[in-house]
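Residue numbers (the working numbering): 639 to 1283.
Rendered as structure tokens:
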């Protein structure tokens, strides 16, 4: 729960509460009930989160593909977790991560508002008439026992039972707290009539919901006060409207850490609750008479104010839903205009300007709202890695002086001619500058986001997170290999003999072909067989090129077309190119899987040592040795080298 007190005010607030509790034990009982109720909601939320596992995306796609399904999903989920604020915040996270559409998100929020009425009915029908403390005790025991299990599903069940037990205990304490006020303090004497009373109690309900971050807790206090005779019925109606309006503040706070997609849904939530509250206030006398008429038909007694309050809460939420449903298409257009779309996920945006002159790149899709749930966090992380992959391809192309069109699928013949043409001065960008400007910031944001993922992960989710982490490192290592390649490439473009210039043109062409091949992944997204075939051909072409290039260098060295210095430089730079290919392939293999377990088809490149003869001194042979991705450990196995940022 977010705090609305600055750190300096917290000791003062605690001291004031302590004095009040000491003076009025009844107030301490009431406050303890509210605290247990809120704590129970938190445990209930955590327990239901544990049930989703990694299947949340598939579950959402089936449950929200129609508007009526989204409404039902919002209603049911709120009835289960008894927290419309949680459902709204999770919906913002789902939308910001791309798991649901805006239409589905609006449907969930609208259904969630109607779902809050179930809590009022349960409390009015059962909670205020049954000794809930006796029911809560075994639930608390079972909840604590199961919550200590290591298995995620048992731990989730334990959290749910513990949450329900705390809710019941909180309700019982609040009942006892208000009952103890009888004869000590009569809050009903402070009742306000007319529109003044409506405004005061709407604001009171709004303030209570904002402070407790729970409209359910506000309704519970209202029902308990109403049942004990401490609150007038008319004032309770206004307080229920204020409680509904207070949830918009929670949505607004949640949207601050989200992207434009999440802000659209928060705005839709504010519009719905604001319009519903305004209509309810304008026709409040009519709604009150309608409640009396419906209560008479249902056989509810005139003095059963708690049931009539639950009926009123249902009626005005249902009225708002009926009024707002036809305007959803208009609302979507308006929200899209207020909060326009950002850059498409994984897009390769080619700009005519020099890449090093473009603005410094930072993460586009990572947001605090996504950290609420494991699936949303992994989803936005996947999107951000696609963004980093697109930037990596751009930086590698610019670092090897390839034309920007290579990222858009230029013909191979055109690429063949482009790498043999003179490189313009404007095209010779500094790889170190490109790395600092376009790669390091985004990768730093990814690392920071992963470090803040303070959520429990299932084993399969931990595997996905590890693969994503390695994919990000592979992308960074590919750019670093391009930085090394550029050092010699820059020297050889102007002063090199024709045979050396031609050899570096071949290296640049091979880099361009690798980028062209990986660029095809967007066309075959979702086709696992086509992706496996692409990576197989990619690996086969790389091995064939490596063998042919080394043979060509050896032949030119024997024919004295190259000297030893030139030959070793070419072989070293070829290995940097193979490092680029390997790291790109490993990263894109993980990203193509998109969190699913697929067979790893990329084998780390380890060429056979090739002897290169020196034309003058025949001493030790020069061995072409690839920069390893793995290394031997003490036990004789192999371990992966962890690259640094």
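Glycine residues also receive a C-beta, built at the ideal position from the N, C-alpha and C atoms.
_Measuring only the C-alpha atoms, how far is residue 791 from residue 776?_
For residue 791 and residue 776, the distance between alpha carbons rounds to 20 Å.
*asked:* Short of 6 Å in beta carbon distance, which residues of its chain neighbour residue 948, apart from the five on each side in sequence? Order them along the chain.
replied: In its chain, beyond the 5 residues on either side, 758, 759 and 762 have a beta carbon closer than 6 Å to the beta carbon of residue 948.
*Cβ of residue 1284 within 8 Å of Cβ of residue 1180?*
Missing from the structure shown is residue 1284; the chain here goes from 639 to 1283 and no further.
*Candidates 871, 852, 1008 and 1074: closest to residue 835 by CA position*: 871
*Below 8 Å CB to CB, which residues in the same chain sit around residue 884 once its five sequence neighbours on both sides are set aside?*
843, 844, 845, 846, 847, 848, 853 and 856
_Alpha-carbon to alpha-carbon, residue 1229 and residue 1115_ = 16 Å
*Counting pairs of beta carbons, one from the stretch 1067-1076 and one from the stretch 1114-1133, are three or more of them closer than 8 Å?*
Touching, yes.
*Buried or exposed by the 16-neighbour rule on C-beta atoms within 10 Å, applied to residue 1218*: buried
_CB contact flag (residue 840, residue 879, <8 Å)_ = yes
*In chain order, what residues of the same chain lie with their CB nearer than 6 Å to the CB of residue 1308, ignoring the 5 residues before and after it?*
Residue 1308 is absent from the structure shown; the chain starts at 639 and stops at 1283.
*Where does residue 656 fall in DSSP's three states?*
helix
_Option in 831, 893 and 863 with minimal Cα separation from residue 671_ = 863
*Could you tell me the boundaries of the alpha helix (DSSP H) in which residue 930 lies?*
Residues 922-936.
*Alpha carbon to alpha carbon, how far is residue 861 from residue 1098?*
44 Å
*Quick one: Cα of residue 897 to Cα of residue 814, how far?*
44 Å
*Going straight from the alpha carbon of residue 1028 to that of residue 1187, what length do you get?*
28 Å
*Using only alpha-carbon positions, find the residue among 1152, 1192 and 1162 that is nearest to residue 1223.*
1152
_Contact set for residue 634: own chain, Cβ-Cβ below 7 Å, skip 5 residues either direction_ = The first residue shown for the chain is 639 and the last is 1283, placing residue 634 beyond what the model contains.
*Would you check if the stretch 1035-1049 and the stretch 1011-1023 touch, i.e. whether three or more CB-CB distances between them fall below 8 Å?*
no
*Does the stretch 952-959 come within contact of the stretch 897-908, defined as at least 3 CB pairs closer than 8 Å?*
No: fewer than three Cβ pairs fall under 8 Å.
_Backbone CA spacing between residue 1032 and residue 788 [nearest angstrom]_ = 45 Å
_At the level of alpha carbons, what is the spacing between residue 925 and residue 933?_
12 Å
*So, helix, strand or coil for residue 1164, using DSSP?*
Under the three-state reduction of DSSP, residue 1164 is assigned to coil, being neither helix nor strand.
*Meets three-Cβ-pair contact criterion under 8 Å: the stretch 887-895 and the stretch 1000-1008*: yes
*Could you check what DSSP says for residue 1121 in three-state terms: helix, strand or coil?*
helix
*In whole angstroms, what is the alpha-carbon distance linking residue 666 and residue 658?*
If I take the Cα positions, the gap works out to 8 Å.
*Classify residue 662 as helix, strand or coil using the three-state DSSP reduction.*
coil
*With a Cβ-Cβ cutoff of 8 Å, do residue 1061 and residue 1150 count as a contact?*
no
*Report yes if the C-beta distance between residue 804 and residue 681 is below 8 Å; otherwise report no.*
In this structure, residue 804 places its C-beta atom within 8 Å of the C-beta atom of residue 681.
_Taking 8 Å as the cut-off, does the stretch 1074-1087 touch the stretch 1163-1172 (at least 3 CB pairs, one atom from each stretch)?_
no
_My output table needs one value for residue 1048: the three-state DSSP class, helix, strand or coil._
coil
*Does the Cβ of residue 1112 have 16 or more other Cβ atoms within 10 Å, making it buried, or fewer, making it exposed?*
buried
*asked:* So, for residue 654: in the same chain, excluding its five sequence neighbours on each side, which residues have a beta-carbon less than 8 Å away from its beta-carbon?
replied: For residue 654, where only same-chain residues beyond five positions count, there are no Cβ hits under 8 Å.
*Where residue 1011 falls: helix, strand or coil (DSSP)*: coil
*Distance, Cα to Cα, residue 1059 vs residue 1147?*
12 Å
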